[in-house]
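Inspection log for the structure reproduced underneath, given as structure tokens.
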Amino acid sequence: MKPAELREIDRPWRIWASVIIVSILAFSVVFGFLVLPIVQGRAAGLDAFTAICRAVGILPGSPAVKQPTSEAKAQPTTQVAWSTDLMRTFGRRTQAGAEIAQGCVACHGEHGIAADPQNPNLAGQSAAAIYKQLHDYKSGSRVHDVMTGIAQGLEDRQIVEVATHFASSARRDLDPTTAEVVDEDVIRLVERGDPSRGLPACNSCHGFNAGGPIETPTLSHQNREYLARQLQAFKTDARRNDIYTRMRSVAVKLTDREIERLATFYATTLSY
Amino acid sequence: MGERAVTHARRLTLAHLWVAFAAFAVAAVLGVWQMWARSPLPAPYLTAESYFTSVTAHGVSMAYVLTTFMVMGFGYYVAETALGRPLPLPRFAWLGFWLGIIGSAMTAVTIFAGNATVLFTFYPPLTASPFFYIGLVLVVVGSWIWCGLMLWAMLDFKRANPGVPVPLAMFATVANAVLWLWTTVGVAAELLFQIIPAAFGWNESVDVGLSRTLFSWTLHAIVYFWLLPAYIAFYTMAPQAAGGRLYSDTMGRLTFILFLIYSLPVGMHHLFMDPQQSSAFKFLQMSFTALVAAPTLLTVFTISASLEIAGRLRGGKGYFGWIAALPWERPMVLATGMAFFMLWFGGGGGLINMSFGMNAMVHNTSWVTAHFHLIFGGTVVIMYFAIAYAIWPTLTNRLPMSPRLQRLQLWLWFIGMMVMTLPWHYLGLQGQWRRVATFNYSDPIIAGWGPWVIVSLVGGIILLASALLFVWNLLQFHSARAVVATDLRPIYALAVHPPERVPAALNGFALWNVLVLVLMVAAYGYPIAQFFIIDAPEAIVHRVNGRG
Numbered sequence: 001m002k003p004a005e006l007r008e009i010d011r012p013w014r015i016w017a018s019v020i021i022v023s024i025l026a027f028s029v030v031f032g033f034l035v036l037p038i039v040q041g042r043a044a045g046l047d048a049f050t051a052i053c054r055a056v057g058i059l060p061g062s063p064a065v066k067q068p069t070s071e072a073k074a075q076p077t078t079q080v081a082w083s084t085d086l087m088r089t090f091g092r093r094t095q096a097g098a099e100i101a102q103g104c105v106a107c108h109g110e111h112g113i114a115a116d117p118q119n120p121n122l123a124g125q126s127a128a129a130i131y132k133q134l135h136d137y138k139s140g141s142r143v144h145d146v147m148t149g150i151a152q153g154l155e156d157r158q159i160v161e162v163a164t165h166f167a168s169s170a171r172r173d174l175d176p177t178t179a180e181v182v183d184e185d186v187i188r189l190v191e192r193g194d195p196s197r198g199l200p201a202c203n204s205c206h207g208f209n210a211g212g213p214i215e216t217p218t219l220s221h222q223n224r225e226y227l228a229r230q231l232q233a234f235k236t237d238a239r240r241n242d243i244y245t246r247m248r249s250v251a252v253k254l255t256d257r258e259i260e261r262l263a264t265f266y267a268t269t270l271s272y
Numbered sequence: 001m002g003e004r005a006v007t008h009a010r011r012l013t014l015a016h017l018w019v020a021f022a023a024f025a026v027a028a029v030l031g032v033w034q035m036w037a038r039s040p041l042p043a044p045y046l047t048a049e050s051y052f053t054s055v056t057a058h059g060v061s062m063a064y065v066l067t068t069f070m071v072m073g074f075g076y077y078v079a080e081t082a083l084g085r086p087l088p089l090p091r092f093a094w095l096g097f098w099l100g101i102i103g104s105a106m107t108a109v110t111i112f113a114g115n116a117t118v119l120f121t122f123y124p125p126l127t128a129s130p131f132f133y134i135g136l137v138l139v140v141v142g143s144w145i146w147c148g149l150m151l152w153a154m155l156d157f158k159r160a161n162p163g164v165p166v167p168l169a170m171f172a173t174v175a176n177a178v179l180w181l182w183t184t185v186g187v188a189a190e191l192l193f194q195i196i197p198a199a200f201g202w203n204e205s206v207d208v209g210l211s212r213t214l215f216s217w218t219l220h221a222i223v224y225f226w227l228l229p230a231y232i233a234f235y236t237m238a239p240q241a242a243g244g245r246l247y248s249d250t251m252g253r254l255t256f257i258l259f260l261i262y263s264l265p266v267g268m269h270h271l272f273m274d275p276q277q278s279s280a281f282k283f284l285q286m287s288f289t290a291l292v293a294a295p296t297l298l299t300v301f302t303i304s305a306s307l308e309i310a311g312r313l314r315g316g317k318g319y320f321g322w323i324a325a326l327p328w329e330r331p332m333v334l335a336t337g338m339a340f341f342m343l344w345f346g347g348g349g350g351l352i353n354m355s356f357g358m359n360a361m362v363h364n365t366s367w368v369t370a371h372f373h374l375i376f377g378g379t380v381v382i383m384y385f386a387i388a389y390a391i392w393p394t395l396t397n398r399l400p401m402s403p404r405l406q407r408l409q410l411w412l413w414f415i416g417m418m419v420m421t422l423p424w425h426y427l428g429l430q431g432q433w434r435r436v437a438t439f440n441y442s443d444p445i446i447a448g449w450g451p452w453v454i455v456s457l458v459g460g461i462i463l464l465a466s467a468l469l470f471v472w473n474l475l476q477f478h479s480a481r482a483v484v485a486t487d488l489r490p491i492y493a494l495a496v497h498p499p500e501r502v503p504a505a506l507n508g509f510a511l512w513n514v515l516v517l518v519l520m521v522a523a524y525g526y527p528i529a530q531f532f533i534i535d536a537p538e539a540i541v542h543r544v545n546g547r548g
């Protein structure tokens with residue numbers, strides 16, 4: 001077939017295909033961008049222009065619903081807002097951090113390892129976790145006779161510095177006499193949770209590599225008494241600085257015996 | 001056609017398809033275990049982490065490895081057999097193959113090392129190890145080489161045969177290559193500019209709205225990339241296998257063109273519940289999605305008509321007598337019937353998913369998972385089996401004694417898929433959420449789901465049996481008695497009116513690429529541009545391979 005003939009049979013295809021597809025596009029645009037917003041917007045008490053702008057996405061909100069007005073005051077469980085600027089400040093250990101840490105020695109030990117097991121070890125804890133707790137003490141989200149006053153005396157920059165300092169300190173060695181305590185029930189709780197009670201696995205947030213929130217603390221190497229006391233505090237609603245009541249909803253389902261065993265497990269294990 | 005070149009393409013095809021089906025077999029085992037994990041029955045090795053590792057491996061193997069290697073291998077086969085010419089630049093084809101192998105291996109190692117429990121969808125701020133993504137990029141680059149070779153082969157044919165229509169099987173394969181090039185633009189942009197920098201730690205925050213939008217660009221079209229081999233089999237292989245003719249060659253060309261056009265500007269129907277896109281653009285993309293029904297119905301009509309021709313030629317009478325007269329003992333015919341049956345259910349469910357309003361009821365529930373298992377695992381994969389059974393004798397020059405085990409395998413797959421997915425759909429309607437490892441069956445509402453999940457698990461076990469039987473059947477080809485060299489061409493159906501002169505519009509893709517561009521600019525132009533115009537908040541990257 002000659003090229004001219006080929007072009008001849010091709011022309012109607014080109015024209016009609018374009019006409020049909022552009023018509024479908026035009027129909028969808030007219031209907032979706034104009035007709036629907038105007039009709040729906042009227043029902044929601046919006047003028048046509050606002051409704052169209054909302055439909056296109058230039059103005060926020062749906063063209064079919066009035067923007068709700070609210071008198072409610074938000075009461076966040078914590079004032080900490082994670083931002084990249086904040087995250088960027090973590091990671092560099094400074095002399096200033098070491099100096100602030102001198103004020104922590106009495107309770108948390110010279111190298112961030114507490115002599116009294118009622119107090120937490122800080123060495124090797126994640127910087128974000130320490131920052132969150134200190135910030136919460138400062139803002140009043142978490143309350144402690146001693147820590148509240150100390151945290152209120154720190155500026156935000158100093159909190160970052162001391163958190164970074166402890167995060168980069170070496171963790172406590174485990175006591176060989178207590179290590180390797182195998183407790184199958186607790187390992188099951190840690191790794192699998194208990195779906196029958198709606199208990200998620202501890203590991204789903206606290207595990208290494210887990211996808212938990214950024215402020216989730218590391219639990220291994222922590223003191224037994226401290227862990228048990230915190231779980232009890234969450235359980236009894238005495239501690240409330242966990243966002244979305246994540247820890248309170250977990251702790252309330254744990255028995256006292258399980259709390260003891262979990263605390264023992266984390267205090268004597270390296271690998272979680 | 002040189003004998004050596006043919007042998008070469010056979011090895012190429014066999015290599016691709018064996019990789020595809022090996023990945024499929026592994027993923028089938030994981031799939032059953034996942035269904036077990038979700039059931040009230042205690043599953044071994046179950047932790048949240050092992051579950052998400054498994055789901056990631058299952059998704060990547062089924063959706064990326066099985067499909068990509070299947071499409072590529074089948075494409076090389078079609079290019080050579082339908083065009084009747086040796087494949088151009090076979091070295092590049094092997095390069096694409098090895099890139100895919102290296103990429104798949106890299107991805108697999110990352111997943112099983114526990115550094116990629118992010119599922120096979122790319123939804124930040126959760127990010128995996130960068131090697132997970134780099135591996136997948138290599139697979140995609142390998143497939144781009146395939147796209148180039150398919151286009152090259154078609155243009156070569158056209159140059160050598162001016163005015164001669166490109167055979168439908170090849171036209172459709174190139175449609176898929178063009179579709180794939182368009183499709184991968186979205187995910188490639190997301191990976192290169194957002195996710196890989198974030199995974200390496202070069203970016204601390206990521207614009208989640210933008211990445212979800214870019215992924216939606218790819219996420220629906222990719223499904224058609226997987227689907228088109230099945231449609232190629234419907235149009236070019238099933239009528240021949242049934243002993244009839246293709247009712248209309250033009251309908252076939254139109255169908256593949258419509259798939260190219262209406263698979264791309266539609267991805268936002270995966271984002272109906274997302275806040276970063278406005279309702280008008282969602283509506284626009286919903287309208288285009290609805291038009292995907294056109295090529296689907298064209299196909300149902302054309303293939304039914306083609307099979308009716310075959311049935312009547314075989315002596316079928318009356319309105320439905322031709323159906324009974326069809327040679328259902330042939331795997332290709334049987335698989336086509338089953339694929340159509342599943343297409344009705346899967347397509348019906350799909351209409352609900354794509355409807356802006358109804359989507360709200362099923363969004364993020366098991367309904368969606370069940371839907372794509374039925375339509376992809378059912379309609380599409382059963383045709384992959386049929387294609388394998390049809391072309392394996394020509395690849396190995398061997399033929400097993402009887403196709404009885406092949407039929408058994410297809411029946412098991414069909415029954416297993418229905419048994420697994422129908423209760424799964426129902427559970428979605430009950431509100432069962434997707435992407436979770438376990439359910440709290442002590443809750444009285446959730447307890448009622450338990451028996452249905454167990455039914456699905458039974459379906460899964462049947463599917464696993466079928467998958468293993470499939471691999472066994474393919475191995476049988478290699479150990480069967482050699483037969484006289486089979487002709488490579490006769491598997492493609494002739495049309496009732498074989499095309500003699502075809503307008504350029506139905507013999508190439510220039511016009512359609514322009515129209516796709518117009519539609520993509522309309523559907524995705526502002527929705528993507530807005531992220532650069534409006535100062536959107538970003539999310540902090542969350543890497544699963546290490547804290548922070």
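Going line by line, the protein sequences match chains A and B. Number 52 in full-length UniProt numbering belongs to position 52 of the first sequence; there are no gaps in the numbering. Number 312 in full-length UniProt numbering belongs to position 312 of the second sequence; there are no gaps in the numbering. All residues carry an ideal CB built from backbone N, CA and C; glycine is no exception. All values reported here derive from a predicted model rather than from experimental measurement.
(request) Taking the CB atoms as reference points, tell me whether leucine 264(B) and leucine 494(B) lie closer together than 8 Å. (result) As a working note, residue 264(B) is residue 264 in the second sequence. As a working note, residue 494(B) is residue 494 in the second sequence. No.
(message) 8 Å is my cut-off, CB to CB: does isoleucine 540(B) come that close to chain A?
(response) Here residue 540(B) is taken as the residue at index 540 of the second sequence, counted from 1. Yes, isoleucine 540(B) lies at the interface with chain A (some Cβ there is under 8 Å from its Cβ).
(request) May I have the straight-line CA-CA distance separating leucine 488(B) from asparagine 397(B), to the nearest angstrom? (result) Reading the second sequence from its first residue, position 488 is the one you call residue 488(B). Reading the second sequence from its first residue, position 397 is the one you call residue 397(B). Unreliable positioning characterises leucine 488(B) in this predicted model, as indicated by a pLDDT of 47, which lies under 50. The coordinate reading is nonetheless provided below. Their Cα atoms are separated by approximately 10 Å.
(message) With a threshold of 8 Å between beta carbons, is glutamine 430(B) in contact with chain A?
(response) Mapped onto the second sequence, residue 430(B) falls at position 430. Chain A, which has no Cβ nearer than 8 Å to the Cβ of glutamine 430(B), makes this no.
(request) With DSSP as the reference, please indicate the residues paired to isoleucine 15(A) in a beta bridge. (result) Here residue 15(A) is taken as the residue at index 15 of the first sequence, counted from 1. Beta-bridge pairing links isoleucine 15(A) to no other residue.
(request) Can you check the segment 488-530 of chain B for any alpha helix (DSSP H) of at least 4 residues that lies completely inside it and give the ranges in chain order? (result) Restricting attention to alpha helix (DSSP H) runs no shorter than 4 residues, the segment 488-530 of chain B encloses none.
(message) If distances are taken between C-alpha atoms only, which option among His16(B), Ala25(B), Arg11(B), Thr13(B) comes closest to leucine 468(B)?
(response) Residue mapping note: residue 468(B) aligns to position 468 of the second sequence, counting from 1. Nearest of His16(B), Ala25(B), Arg11(B), Thr13(B) to leucine 468(B), Cα basis: Ala25(B).
(request) Report back the beta-carbon spacing between isoleucine 111(B) and valine 60(B) to the nearest angstrom; my notes put them in contact at under 8 Å. (result) Position 111 of the second sequence, counting from 1, holds the residue named residue 111(B). Position 60 of the second sequence, counting from 1, holds the residue named residue 60(B). That pair is a contact at about 7 Å.
(request) Please report the residue range of the alpha helix (DSSP H) in which histidine 371(B) lies. (result) Your numbering for residue 371(B) matches position 371 in the second sequence. Element bounds for histidine 371(B): 366-372.
(request) Closer than 8 Å by beta-carbon distance: list the chain B residues that pair up with threonine 84(A), in chain order. (result) Counting from 1 along the first sequence, the entry for residue 84(A) is found at position 84. Correct list: Glu204, Ser205, Glu538, Ile540.
(request) Name the two residues that bound the continuous alpha helix (DSSP H) containing serine 50(B). (result) Locating residue 50(B) in the second sequence gives position 50, where the first residue counts as 1. Counting along the chain, the alpha helix (DSSP H) containing serine 50(B) begins and ends at 48-59.
(request) Could you give the DSSP three-state label for aspartate 194(A): helix, strand or coil? (result) As a working note, residue 194(A) is residue 194 in the first sequence. Correct three-state label for aspartate 194(A): strand.
(message) According to DSSP, is threonine 127(B) part of a helix, a strand, or is it coil?
(response) Here the question's residue 127(B) lines up with position 127 in the second sequence. Strand at threonine 127(B).
(request) Taking only the alpha-carbon atoms, compute the straight-line gap between tyrosine 131(A) and tryptophan 36(B) and give it to the nearest angstrom. (result) For this step, residue 131(A) is matched to residue 131 along the first sequence. For this step, residue 36(B) is matched to residue 36 along the second sequence. Each residue's Cα considered, the two are about 41 Å apart.
(request) Tell whether a beta-carbon distance below 8 Å holds between isoleucine 540(B) and tryptophan 82(A). (result) By 1-based counting over the second sequence, the position of residue 540(B) is 540. By 1-based counting over the first sequence, the position of residue 82(A) is 82. A contact, by the Cβ cut-off of 8 Å.
(request) May I ask you to list, following chain order, the residues of the segment 162-176 of chain B that have a beta carbon less than 9 Å from some beta carbon of chain A? (result) Pro162, Gly163
(request) May I have the straight-line CA-CA distance separating phenylalanine 193(B) from valine 186(A), to the nearest angstrom? (result) Along the second sequence, read from residue 1 onward, the residue named residue 193(B) stands at position 193. Along the first sequence, read from residue 1 onward, the residue named residue 186(A) stands at position 186. Their Cα atoms are separated by approximately 43 Å.
(request) With 8 Å as the threshold, decide whether the Cβ of tyrosine 266(A) is near any Cβ in chain B. (result) For the purposes of this step, residue 266(A) is taken as residue 266 along the first sequence, with counting starting at 1. False, the Cβ-Cβ gap to chain B never drops below 8 Å.
(request) Going by CA-CA distance only, name the one from Gly311(B), Gln276(B), Ala221(B) that's closest to arginine 245(B). (result) Sequence index remark: in the second sequence, residue 245(B) carries index 245 (1-based). Looking at the Cα atoms, Gly311(B) is the closest of the given residues.
(message) Check whether chain B comes within 8 Å of phenylalanine 33(A), counting only Cβ atoms and requiring the distance to be less than that.
(response) Taking the first sequence and counting its residues from 1, the one referred to as residue 33(A) is at position 33. Closer than 8 Å to some Cβ of chain B, the Cβ of phenylalanine 33(A) qualifies, so yes.
(request) Give the DSSP-derived three-state secondary structure of alanine 539(B) in the structure shown. (result) Locating residue 539(B) in the second sequence gives position 539, counting from the first residue. Reduced to three states, the DSSP call for alanine 539(B) is strand.
(request) Note down the Cα distance separating glycine 32(A) from histidine 269(B), rounded to an integer number of angstroms. (result) Within the first sequence, residue 32(A) is the residue found at index 32, counting from 1. Within the second sequence, residue 269(B) is the residue found at index 269, counting from 1. Their Cα atoms are separated by approximately 14 Å.
(message) Suppose only complete runs of 4+ residues qualify. What are the alpha helix (DSSP H) ranges in the segment 184-235 of chain B, listed by chain order?
(response) 196-200, 208-232
(request) For serine 18(A), go through chain B and note every residue whose CB falls closer than 7 Å to its CB, in chain order. (result) As a working note, residue 18(A) is residue 18 in the first sequence. Those are Leu515, listed as they occur along chain B.
(message) Please tell me whether histidine 221(A) and arginine 172(A) are closer than 8 Å, where the distance is taken between their beta carbons.
(response) Taking the first residue of the first sequence as position 1, residue 221(A) is located at position 221. Taking the first residue of the first sequence as position 1, residue 172(A) is located at position 172. Judged by their CB atoms, histidine 221(A) and arginine 172(A) are nearer to each other than the 8 Å cut-off.
(request) Mind checking which residues open and close the alpha helix (DSSP H) that includes glycine 321(B)? (result) Here residue 321(B) is taken as the residue at index 321 of the second sequence, counted from 1. Counting along the chain, the alpha helix (DSSP H) containing glycine 321(B) begins and ends at 321-325.
(message) With a threshold of 8 Å on Cβ separation, who are the neighbours of leucine 298(B) within its own chain once the five nearest residues in sequence on each side are excluded?
(response) On the second sequence, residue 298(B) is found 298 positions in, with the first residue counted as 1. Here the set comprises Met251, Leu254, Thr255, Leu258.
(message) Considering only DSSP beta bridges, list what residue 549(B) is partnered with.
(response) Only positions 1 to 548 of chain B appear in the structure, and residue 549(B) is not among them; the question remains open.
(request) For leucine 214(B), return the contacting residues in chain A, with the cut-off set at a CB-CB distance below 9 Å. (result) Taking the second sequence and counting its residues from 1, one reaches residue 214(B) at position 214. Chain A residues near leucine 214(B): none, gap ~16 Å exceeds 9 Å.
(message) On the DSSP bridge list, what partners appear for arginine 398(B)?
(response) By 1-based counting over the second sequence, the position of residue 398(B) is 398. Paired residue(s): Ala482(B).
(message) Contact criterion: CB-CB distance below 8 Å. Does residue 549(B) meet it with respect to chain A?
(response) Nothing about residue 549(B) can be read from this structure; chain B reaches only from 1 to 548.
(request) Confirm, please, whether the CB-CB distance from glutamate 190(B) to leucine 219(B) is below 8 Å. (result) As a working note, residue 219(B) is residue 219 in the second sequence. As a working note, residue 190(B) is residue 190 in the second sequence. No.
(message) So, under 8 Å CB-CB, glycine 378(B) and threonine 296(B) are touching, yes? Tell me the CB distance rounded to an integer number of Å.
(response) For the purposes of this step, residue 378(B) is taken as residue 378 along the second sequence, with counting starting at 1. For the purposes of this step, residue 296(B) is taken as residue 296 along the second sequence, with counting starting at 1. About 14 Å separates the beta carbon of glycine 378(B) from that of threonine 296(B), a gap too long to meet the 8 Å contact definition.
(request) Go through its chain and collect everything with a Cβ distance to leucine 395(B)'s Cβ below 7 Å, but skip five positions before and after it. (result) Within the second sequence, numbered from 1, the residue matching residue 395(B) stands at position 395. Taken in chain order, the residues that qualify are Arg10, Thr13, Leu14.
(request) Decide if the segment 51-60 of chain A is in contact with the segment 34-43 of chain A; the criterion is three or more beta carbon pairs, one per stretch, under 8 Å apart. (result) Counting C-beta pairs with one atom in each stretch, the segment 51-60 of chain A and the segment 34-43 of chain A have three or more that are closer than 8 Å, which means they touch.
(request) Take alanine 305(B) as the anchor and find which of Val362(B), Ala242(B), Phe281(B), Ser287(B) has the nearest alpha-carbon. (result) As a working mapping, residue 305(B) is identified with position 305 in the second sequence. Comparing Cα-Cα distances from alanine 305(B) to each of Val362(B), Ala242(B), Phe281(B), Ser287(B), the minimum goes to Ala242(B).
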